[in-house]
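Basically the numbering used here = 1-based index in the sequence shown + 129. The beta carbon of each residue, even a glycine, is placed where N, CA and C say it ideally should be.
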Amino acid sequence: MKSPQLLDHSNLLTTFESTAIAAGREILRIYEEGCDVELKDDRSPVTAADRAAEVIITKALRDATPGIPIVAEEEISGGHVPGDLGARFYLVDPLDGTREFVNRNGDFTVNIALIEHGAPVMGVVYAPVRGWLFTGGPEGAQEVIVDHAGRIITRKNIACRAAPKEMVAVASRSHRTTETDDYLNNYPVADCVSVGSSIKFGLLARGEADIYPRLSRTMEWDTAAGDAVLRAAGGMTMTLDGKPLTYGRRNQANDADFANPSFVARGKL
130 MKSPQLLDHS NLLTTFESTA IAAGREILRI YEEGCDVELK DDRSPVTAAD RAAEVIITKA
190 LRDATPGIPI VAEEEISGGH VPGDLGARFY LVDPLDGTRE FVNRNGDFTV NIALIEHGAP
250 VMGVVYAPVR GWLFTGGPEG AQEVIVDHAG RIITRKNIAC RAAPKEMVAV ASRSHRTTET
310 DDYLNNYPVA DCVSVGSSIK FGLLARGEAD IYPRLSRTME WDTAAGDAVL RAAGGMTMTL
370 DGKPLTYGRR NQANDADFAN PSFVARGKL
């Protein structure tokens, strides 16, 4: 088996940041101008912003590291599926929270993640309306504040907190279920914040929330970047049997390629 190419993770994370910001600026342009909404075969929405952002991201990644496969949501939807992923690949969701984009509530993100041996080792989550850029890699996690012109204003290190006696949960704005509420009843949850997209992982990573169960369907590109940030901040995303969530699932007996099982994301245990 061919060994994966050597990477400068610090420089690659810088590429992730600048690429996410560039994609976010294009998304904001379309968000402000308005656009039509289409439905894909799975009845999920897609817009010109999803497609334009993905073109920006995939080009930047292929230019920077041409040998690393990319699993990108809209390319997969269009039938462009990479072959052997090897030990290292990217997961890209150019616009996580398209329903939030359509509903104009601002809770959508750009997600870029690097997977190595099934684990998310680096990722960025950028919420362009809020100006929040969460990053995670081998050197830890950060929150970066970005203005609408794409300029970085501030940068600080972030970390998960140990769960307090009264926990704060986060749940999906568009996909919350009674099963989620039943699950949370097993924990001392004092408050549950509903928020869209992978912003939920950012709230866990910066110590504002403690637990995020997801018992309805997600895809790997929905979670990988946020999971990378969370792990870099000291948290973990686990399947319901307590094992770390892994990436690169294909040929699954009961679900599509790259579909996640149910999971629970946590701060420090």
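message: With a threshold of 6 Å on Cβ separation, who are the neighbours of residue 187 within its own chain once the five nearest residues in sequence on each side are excluded?
response: 199, 201
message: Checking 7 Å against the spacing of the C-beta atoms, do residue 349 and residue 224 come in under that value?
response: No, these two residues do not count as a Cβ contact at 7 Å.
message: Please return the same chain residues whose Cβ sits closer than 6 Å to the Cβ of residue 280, not counting the five positions on each side in sequence.
response: none
- request: Output yes or no for whether 7 Å exceeds the beta carbon distance between residue 323 and residue 355.
  value: no
field: With 16 other Cβ atoms within 10 Å as the buried cut-off, status of residue 398
entry: exposed
field: Ranges of the beta strand (DSSP E) found wholly within the segment 197 to 264, counting only runs of at least 3
entry: Whole beta strand (DSSP E) segments, 3+ residues: 199 to 201, 217 to 225, 238 to 245, 248 to 256.
message: I'd like to know if the segment 257 to 271 and the segment 361 to 369 are in contact, where contact means that at least 3 CB-CB pairs between them fall below 8 Å.
response: yes
- prompt: Should residue 335 be labelled buried (16 or more other beta-carbon atoms within 10 Å of its own) or exposed?
  reply: buried
message: If you measure between the beta carbons of residue 178 and residue 156, is that distance less than 7 Å?
response: Yes, the pair counts as a contact, with Cβ atoms nearer than the cut-off.
message: Could you compute how far the alpha carbon of residue 312 sits from the alpha carbon of residue 173?
response: 26 Å
task: Would you kindly check if the distance between the Cβ of residue 149 and the Cβ of residue 255 is under 7 Å?
output: yes
- request: Grab the span of the alpha helix (DSSP H) containing residue 389 for me, first residue to last.
  value: Careful: residue 389 lies outside any alpha helix (DSSP H) and carries neither H nor E.
CB-CB length for residue 377 against residue 237, believed under 8 Å: With 8 Å as the limit, residue 377 and residue 237 do not qualify as a contact, their Cβ atoms being about 25 Å apart.
Any 3 or more C-beta pairs closer than 8 Å across the segment 389 to 397 and the segment 282 to 295: yes
Residue 371 versus residue 184 - alpha carbon distance: 36 Å
field: Own chain residues within Cβ distance below 6 Å of residue 383, not counting five before or after
entry: none
- prompt: Ordered along the chain, which non-local residues of its own chain (more than five positions away) have a Cβ less than 7 Å from that of residue 381?
  reply: 388
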